[in-house]
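Participant: Got a structure for you, written out below as C-alpha cells; questions coming shortly.
Protein chains in written order, with our numbering: chain A, 2 to 324; chain B, 2 to 341.
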C-alpha cells in the first residue's frame with residue numbers, strides 16, 4: 002500500500018526519463034520541427050564555441066586582403082572562405098561571432114518583455130475594472146507612439162551599448178504580450194475550473210498562476226518565439242542605423258549595415274550575415290509550430306488519435322494481405 | 002408575506018425537527034442587462050430570481066427544477082455567494098451570510114461546495130488529478146505539501162470509485178463519468194456539510210447518470226451531506242430528492258414533498274411539466290394527456306405585474322394579472338403560489 006501510495010504524487014526519475022524519451026521521439030516524428038531544433042542547436046553551439054570555430058579573430062584587419070571574394074570565386078582564397086570586408090576582416094569569423102550578440106539580445110529581450118507583458122496582461126484580465134483600463138490605456142498610448150523613433154531617442158540620449166539595446170527593445174516589445182495575455186485571460190477566467198478554484202477558496206495569486214497562466218502556455222510560447230525572430234531583426238535594424246552594437250563588437254545586423262555600402266562590389270558582405278539571420282528565424286519558426294502542438298493537451302490528444310488511427314489502418318492492411 | 006408562509010415551522014415533510022441548515026428568505030438577484038433612455042441613464046436589470054424563500058434541512062436533498070433561464074443555477078450560486086443578492090437574506094446554520102466579507106467567506110467555503118454541470122470544463126486540463134483533489138487541502142492549510150495530502154487524496158479517490166493510480170494522470174485521460182467523480186472528490190476534500198449540485202448529471206450519458214446519482218446518495222448516507230440538487234431532468238430529481246421546488250421565470254411556484262408533488266401537482270405549470278415526462282409503459286403513455294400551454298415566458302428585463310405564469314396559464318383571472326400570488330400552504334408542507 003505504502004509503495005503504491007508513494008507513487009501517486011511523486012514523479013520518479015524513471016518517469017521523467019520516459020517523458021524525455023517520448024518527447025524526443027515526438028520531435029523525431031515531426032521532421033520540420035526536428036530540422037529546426039537541429040539548426041538551433043547548431044547555432045547555439047556556434048555561439049558558444051566561436052573562438053574554436055572561427056578561423057580568424059573577428060576584428061583582425063588585413064589591409065592587404067581587402068574585399069576578397071568568397072573562396073569559390075576566381076580571386077578567392079581558402080584563407081577567407083566567405084571573403085573579407087572593406088577592412089580585410091574575415092566574414093566567416095564575423096558571422097560566427099555575430100551569432101553571440103544576436104542570440105543574447107533575442108533571448109534576453111523575449112524573456113524580459115515576455116515576463117513584464119504577461120504579468121500586466123494577467124492582472125488586467127483577471128481583475129478587470131480600473132486596473133484593466135489603466136494598463137490597457139498605457140499599452141494603447143505606447144503602441145500609438147512609433148517604436149523605432151522612441152528607440153532612437155532613448156539610444157541617442159543614453160548612448161548605444163548592448164544593455165541599452167536590450168532595454169530599449171524590451172521597452173518597445175512588451176505590449177503585444179500584455180494585449181494577448183489579457184484577451185486570453187478574459188476567456189479562461191470564465192471557465193468552470195477557474196470558478197471551481199475560486200469556490201474552493203484559492204486566493205487570486207494562486208488562481209492566476211496555477212490555473213490561468215498554465216493554460217496560456219501555447220499561445221504565449223508561439224508569440225514569444227515569433228517575437229524572438231522579430232527581435233533579432235530589430236537588433237539588426239538598430240545596428241544598421243548605427244545605434245545598436247558598436248564596433249569592434251559585431252552582430253549580424255551591424256555587418257549587414259556596414260556591408261550595404263559595398264553591395265554592388267562585394268555582395269558577400271550583406272549576403273552571409275543576412276543568410277544567418279534568415280536561418281535563425283526559420284529554425285525558430287519550425288520549432289515554434291512543433292512546440293505549440295506538444296504544449297497543448299487538446300492538440301496532443303488529436304495527435305494521439307491520429308496515430309492510433311494510422312496504426313489501426315496499418316494493422317488492417319496487414320490482416321488483409323494475410324488473408 | 003409569502004416568505005413567512007413558506008418558512009412556516011410546520012413544514013413537516015419527513016419532519017426533521019432540527020434547525021434548517023440553509024435558510025433563504027426573499028432572495029432576489031438582479032443582473033445588469035444594459036441601459037435604456039436617451040442618455041443611457043436608466044439601467045435595465047434582468048430579474049433572474051425574485052423573492053424566493055425556502056429551507057434546507059440537514060441531511061436532506063432539496064431538488065430545484067425549472068426550465069433553462071428560470072434562475073435555478075443563480076439561486077445555487079447566490080447561496081455560495083458567487084453572485085450578489087439584490088435583496089433578501091441567506092442564513093447558514095442560523096448565521097446570516099448574505100453580506101459577509103471575503104475573510105469570513107473563506108472558512109465558509111469549507112462547509113459549502115459546488116459540483117459542476119460540465120465535467121469537461123470544470124477540471125483544469127493542465128493539472129494532474131492528484132493536484133486537483135489535493136488543492137483544497139493545501140489552500141485551506143489542512144496539508145502543507147503533497148506528501149501530507151496523499152493519504153486523504155488516496156482515500157477520496159478510492160471513495161468515489163477511481164483507481165489509485167488515477168492521481169498521476171491528467172483530466173483528458175478520463176471519461177465524462179470519471180471526471181464527474183473527480184469533481185465530487187474535489188468537492189468532498191474539505192469535508193463540507195452542504196453541497197450545491199448544479200445539474201451534475203445532465204452532461205453525462207444516460208447510462209452513467211445512475212452511477213453518479215447512486216454515488217451521491219451513498220456519500221450522503223455515509224457523510225450526512227445535505228444537497229441542493231439543481232436539475233431539469235424530472236426522473237433524476239424524483240429519484241434523489243426528498244422535497245422538490247419548481248421554478249418558473251425566477252420564482253418558486255410550488256414546493257412540496259417529492260411524492261405529493263408528483264402525485265398531486267397543484268400549480269398549472271407543474272402539471273404541464275410533469276405531463277411532459279414520458280412513462281415507460283406505452284399503454285399508460287397513450288392514455289395520458291400532454292398539457293402544453295401556448296404563449297411566451299415573460300420578458301425577464303421587464304416582468305409583468307402579477308403572476309409570472311399569467312401569459313401561458315389557461316386559468317388566469319384578473320387577480321393573476323394584477324397581484325403576485327403568495328406562497329400558500331395547501332396541504333401539509335405543500336406550498337403553491339397560485340390564485341386559483
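All residues carry an ideal CB built from backbone N, CA and C; glycine is no exception.
Compare the C-beta of residue 220/A with all C-beta atoms of chain B and state if any pair is closer than 9 Å.
Facilitator: Taking Cβ atoms only, chain B never reaches closer than 9 Å to residue 220/A, which makes this a no.
Participant: Can you say whether residue 124/B is buried or exposed, counting buried as having 16 or more other CB atoms within 10 angstroms of its CB?
Facilitator: Answer is buried; the Cβ neighbour count reaches 16.
Participant: Report whether the distance from the Cβ of residue 317/B to the nearest heavy atom of the ligand ZN is below 8 Å.
Facilitator: Questions concerning the ligand ZN fall outside what the structure shown contains, since it holds no ligand whatsoever.
Participant: Three-state secondary structure (DSSP) at residue 228/A?
Facilitator: Residue 228/A: helix per DSSP, three-state reduction.
Participant: Any Cβ of chain B within less than 9 Å of the Cβ of residue 202/A?
Facilitator: Interface residue, yes.
Participant: What span of residues does the alpha helix (DSSP H) with residue 274/B cover, start to end?
Facilitator: Here the alpha helix (DSSP H) through residue 274/B covers 269-276.
Participant: What three-state label does DSSP hand residue 93/B in the structure shown?
Facilitator: Residue state, collapsed to three classes: strand.
Participant: What does DSSP give as the partner residue(s) for residue 64/B in the beta ladder?
Facilitator: Looking at the DSSP assignment, residue 64/B forms a beta bridge with 230/B and 245/B.
Participant: Return no unless some Cβ of chain B is closer than 9 Å to the Cβ of residue 194/A.
Facilitator: By this cut-off, residue 194/A is an interface position.
Participant: When the Cα of residue 196/A is compared with those of 120/B, 178/B, 277/B and 162/B, which residue comes out closest?
Facilitator: That would be 120/B, whose Cα lies nearest to the Cα of residue 196/A.
Participant: State the Cα-Cα distance for the pair residue 98/A and residue 52/A, rounded to the nearest angstrom.
Facilitator: Rounded to the nearest angstrom, the two C-alpha atoms are 8 Å apart.
Participant: Taking all protein chains shown into account, do 16 or more other C-beta atoms lie within 10 angstroms of the C-beta of residue 196/B, making it buried, or fewer, making it exposed?
Facilitator: Label assigned to residue 196/B: buried.
Participant: Express the C-alpha separation of residue 25/B and residue 331/B in angstroms, rounding to a whole number.
Facilitator: One C-alpha to the other measures close to 21 Å.
Participant: Give a yes or no on whether the C-beta atoms belonging to residue 118/A and residue 178/A are separated by under 9 Å.
Facilitator: Cβ atoms of residue 118/A and residue 178/A: closer than 9 Å.
Participant: Are the beta-carbon atoms of residue 1/B and residue 210/B separated by less than 9 Å?
Facilitator: Given that chain B is displayed from residue 2 to residue 341, the structure contains no residue 1/B and the question cannot be resolved.
Participant: Are the region 197-214 of chain A and the region 226-238 of chain A in contact at 8 Å, needing three or more beta carbon pairs?
Facilitator: No contact exists between the region 197-214 of chain A and the region 226-238 of chain A.
Participant: Suppose you measure from the CA of residue 276/A to the CA of residue 200/A; what does that come to, to the nearest Å?
Facilitator: If I take the Cα positions, the gap works out to 54 Å.
Participant: Starting from residue 56/A, find everything on chain B with Cβ-Cβ shorter than 7 Å and list it in chain order.
Facilitator: In chain order: nothing, as chain B lies at least about 48 Å away.
Participant: If you follow the alpha helix (DSSP H) that residue 79/B is part of, which residue opens it and which one closes it?
Facilitator: That run of the alpha helix (DSSP H) goes 73-80.
Participant: Check the C-beta distance from residue 72/B over to residue 49/B and give it rounded, since I have them as a contact under 8 Å.
Facilitator: About 5 Å separates the two Cβ atoms, so the contact holds.
Participant: Could you give the distance in angstroms between the alpha-carbon of residue 33/A and the alpha-carbon of residue 113/B?
Facilitator: Their Cα atoms are separated by approximately 51 Å.
Participant: What three-state label does DSSP hand residue 67/A in the structure shown?
Facilitator: Three-state result, residue 67/A: coil.
Participant: Measuring alpha carbon to alpha carbon, tell me which of 254/B, 98/B and 299/B ends up nearest residue 52/B.
Facilitator: When only C-alpha atoms are compared, the closest one is 254/B.
Participant: If you reduce the DSSP assignment to three classes, tell me which class residue 296/A lands in.
Facilitator: Residue state, collapsed to three classes: helix.
Participant: Around the C-beta of residue 291/A, are 16 or more other C-beta atoms found within 10 angstroms, so that it is buried, or is it exposed?
Facilitator: With 16 or more other Cβ atoms within 10 Å, it is buried.
Participant: In angstroms, rounded to a whole number, what distance separates the CA positions of residue 181/B and residue 280/A?
Facilitator: Computed Cα separation, rounded: 49 Å.
Participant: Can you list, in chain order, the residues of its chain whose CB lies under 6 Å from that of residue 226/A, leaving out five sequence neighbours each side?
Facilitator: Excluding positions up to five away in sequence, the list reads 285 and 289.
Participant: Given a threshold of 16 other Cβ atoms within 10 Å of its Cβ, counted over all protein chains shown, does residue 85/A qualify as buried or as exposed?
Facilitator: By the neighbour-count rule (16 or more Cβ atoms within 10 Å), residue 85/A is buried.
Participant: Excluding sequence positions up to five away, which residues of its chain have a Cβ less than 7 Å from the Cβ of residue 155/B?
Facilitator: Correct list, in chain order: 165.
Participant: Tell me, please, whether the CB atom of residue 126/B is closer than 9 Å to any CB atom in chain A?
Facilitator: Closer than 9 Å to some Cβ of chain A, the Cβ of residue 126/B qualifies, so yes.
Participant: Can you look up residue 58/B in the DSSP assignment and give me helix, strand or coil?
Facilitator: Residue 58/B falls in the coil class under three-state DSSP.
Participant: Can you tell me whether residue 333/B is buried or exposed? The criterion is at least 16 other CB atoms within 10 Å of its CB, across all chains shown.
Facilitator: Per the 10 Å Cβ criterion, exposed.
Participant: Leaving out five residues on either side along the sequence, give the residues of the same chain with a beta carbon under 6 Å from the beta carbon of residue 183/A.
Facilitator: Contacts found: 122, 125 and 126.
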